[in-house]
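All remarks here apply to the structure that follows.
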Amino acid sequence: FAGYPKEMRKFLESNPGLSSRIGNIIHFPDYTPDELMQIADYHSHKRGVQLHPDAIQFIYMQIVEQYRNRDEKFGNARLMNAVIDEGKQNMALRIMQHEQPEQLSNEDLSTITLLDVQPIFGIMAGGNVEFPVDEALLQDAMEQLRQLTGLESVKREIEELVKLVRYYKEIGKDIRRSFSLHTVFTGNPGTGKTTVARILIKIYKALGILEKGQLVETDRKGLVAGFVGQTAIQTDALIQTAMGGGLFIDEAYALTDGQDSYGKEAVETLLKRMEDHRGEFVVIVAGYTEEMHRFLESNPGLKSRFDKFIHFGDYTADELFTIAEGLFHKEDLVLEAAAAEHLKGYIEQLVKGRNKYFGNARTIRKIVVDTVHHQHLRMASLQPDQRQEQMIHTILLEDVEHFQTEEVVTPERTTIGFKLGTNASSQQEKPSL
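In the numbering used here, the protein residues as written are 2 to 434.
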């Protein structure tokens, strides 16, 4: 059996019979940078090429850096094999583009130069590799942003960001050093922070700022382990999955609010990776405004790395009603006039009595789920021949009248976000749409 140390340990521990039958465990350590350069020399001679001294020095410095930051995916000898193969291909392309290749010596025709190996490590003329703007992906992401209800100030900030990136690309400015990618989202629950984070990472990928563009979503539970020393490992593993994309930490203030050291350990691990892998991934932390400011004040390193803030204000009553209509539309349902009037009045009362724990769009989603449930039950109580096509797709007053405006209660913490009338208060919460 062979594999990564961590995975092989899990494999052996998965069945007591395995560990008892395997008596010899041989560990193969990573090659050192000097050993890897010897492997590179071997592969180059095997392929009938040689490395220019400048190329050797450059490769060595890159390998040392990769060795320092290596993880379980470090390529070792396989990496050096790929470096020589790609270097030889780049050499051939360079020679083909030479104005007078016939005048090149045999040594020129078989020497991998610095120019041939620089692109392999993503470095071109002293900067990071530049990805072209993916116009189709950018247009799709920006359209998703524009279709969101409200959030005008958020949209404006992101649109300005796109303009700046385009300008900096045109003048050859280093984009990664021109922007603070790590961002703080502040605002109450249900104001679109997670949704915008997903779109923003997609925009970063489209602009060529991020290589992969995936978003890993987590909170304190996903970063903190229950044993000393395990939190750093768990946090580091999660960050690794976010490389080339983004890490979204919801309610990030929970990492520093408590007295335990686990959250602080997660923060220290996060800060180190943000420094060591600057420009390779984006961290977005989100939560209530006051709590997020306390979070940043808890550690000087946090304040220095997060200097971009985007605030998400509460939705207005009209915006929340528009969100509800959109969710009903996805369920192929429309509100009749009386139902719309009643629901709009109920939402207005919710907005008047809200505090920072008000769920905004989350509350609306729960209202929609409950309404759809009532409408479906009403249809299910009819015989098939009694159901007309229009009835199946229409929400009536009786489907929403259990939302009683006189019984509105603003929650003191994030629970359901609204109170139903007597007929619905005893029902269990319905699954999300």
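Even glycine gets a Cβ: it sits at the ideal position worked out from N, Cα and C.
Exercise for the section: Check whether the Cβ atoms of tyrosine 205 and valine 283 sit closer than 8 Å, and answer yes or no. Expected result: yes
Practice task
Write down the C-beta distance between threonine 196 and leucine 149 rounded to the nearest angstrom, noting that I regard them as a contact closer than 8 Å.
Solution key: 7 Å
Exercise for the section: Specify, as a first and last residue, the run of the alpha helix (DSSP H) that glutamate 292 falls within. Expected result: 290 to 298
Practice task
Leaving out five residues on either side along the sequence, give the residues of the same chain with a beta carbon under 6 Å from the beta carbon of valine 373.
Solution key: Glu332
Exercise for the section: Look up histidine 312 in the DSSP assignment and give the residues it is bridged to. Expected result: Thr187
Exercise for the section: Could you tell me if glutamate 342 is buried or exposed, where buried requires 16 or more neighbouring beta carbons within 10 angstroms of its beta carbon? Expected result: exposed
Handout entry: Supposed close pair threonine 187, phenylalanine 310 - CB separation, criterion 8 Å
Key = 6 Å
Problem - For valine 369, the first and last residue of its enclosing alpha helix (DSSP H) - result: 362 to 381
Problem - Whole beta strand (DSSP E) elements within the stretch 205 to 288, 3-residue minimum - result: 216 to 219, 247 to 251, 283 to 288
Exercise for the section: If I'm right that aspartate 220 touches alanine 255 with Cβ under 8 Å, what's the distance once you round it to whole angstroms? Expected result: 7 Å
Practice task
Compare the Cα-Cα distances from methionine 62 to each of Arg79, Leu37, Gly76 and report the closest residue.
Solution key: Leu37
Practice task
Pull up the CB-CB distance for aspartate 117 and arginine 95, whole angstroms please, since I reckon it's below 8 Å.
Solution key: 6 Å
Practice task
State yes or no: is the C-beta of glycine 314 nearer than 7 Å to some heavy atom of the ligand SAM?
Solution key: With respect to small molecules bound, the structure shown includes none, and the ligand SAM cannot be examined in it.
Handout entry: Alpha carbon of glutamate 298 to alpha carbon of phenylalanine 249, nearest angstrom
Key = 19 Å
Practice task
Starting from the Cα of glycine 264, find the closest Cα among Arg279, Glu136, Thr232 and give me that residue.
Solution key: Thr232
Exercise for the section: Would you identify the three-state DSSP class for isoleucine 27, choosing helix, strand or coil? Expected result: coil
Handout entry: Beta-carbon contacts of lysine 47 that lie in its chain and below 6 Å, excluding the five residues immediately before and after
Key = none
Exercise for the section: Tell me where the alpha helix (DSSP H) around lysine 357 begins and ends. Expected result: Careful: lysine 357 lies outside any alpha helix (DSSP H) and carries neither H nor E.
Problem - Simplified DSSP state of threonine 112, which is helix, strand or coil - result: strand
Handout entry: Exposed unless 16 or more other CB atoms sit within 10 angstroms - verdict on histidine 99
Key = exposed
Handout entry: Residue nearest to leucine 224 in terms of C-alpha spacing, selected from Asp42, Gln235, Glu252
Key = Gln235
Exercise for the section: Could you check what DSSP says for glutamine 98 in three-state terms: helix, strand or coil? Expected result: coil
Exercise for the section: Please list, in chain order, all residues of the same chain as leucine 239 whose beta carbon is under 8 Å from its beta carbon, the five residues on each side excluded. Expected result: Val217, Thr219, Gly223, Leu224, Leu248
Handout entry: Extent of the continuous alpha helix (DSSP H) run through proline 54
Key = 54 to 69
Practice task
Have a look at the DSSP bridge pairing and note the partners of glutamine 350.
Solution key: DSSP output for glutamine 350 lists no bridge partner at all.
Exercise for the section: Return the Cβ separation of phenylalanine 329 and isoleucine 396 in integer angstroms, given the expectation that the two are a contact with Cβ distance under 8 Å. Expected result: 7 Å
Handout entry: Pick from Leu208, Gln260, Glu281, Val268 that is closest to alanine 243, judged by C-alpha positions
Key = Glu281
Problem - Alpha-carbon to alpha-carbon, valine 166 and proline 301 - result: 29 Å
Exercise for the section: Can you tell me which of Gln90, Leu162, Val185 puts its alpha carbon nearest to the alpha carbon of arginine 177? Expected result: Leu162
Handout entry: alanine 56 versus Glu73, Gly88, Tyr358, residue with shortest Cα-Cα distance
Key = Gly88
Exercise for the section: Compare the C-alpha of aspartate 261 against each of Gly191, Ala226, Lys74, Gln119 and name the closest. Expected result: Ala226
Exercise for the section: Going by CA-CA distance only, name the one from Thr323, Asp258, Asp277 that's closest to glutamate 291. Expected result: Asp258
Practice task
Compute the Euclidean distance between the alpha carbons of methionine 392 and histidine 375, then round it to the nearest angstrom.
Solution key: 13 Å
Handout entry: Best match in Glu266, Thr112, Asn107, Phe296 for proximity to glutamate 435 [C-alpha to C-alpha]
Key = Residue 435 lies beyond the residue range present for the chain, which begins at 2 and ends at 434; the question has no answer from this structure.
Exercise for the section: List the endpoints of the continuous alpha helix (DSSP H) containing alanine 41. Expected result: 34 to 47
Exercise for the section: Identify every residue that forms a DSSP beta bridge with glutamine 51. Expected result: Thr112
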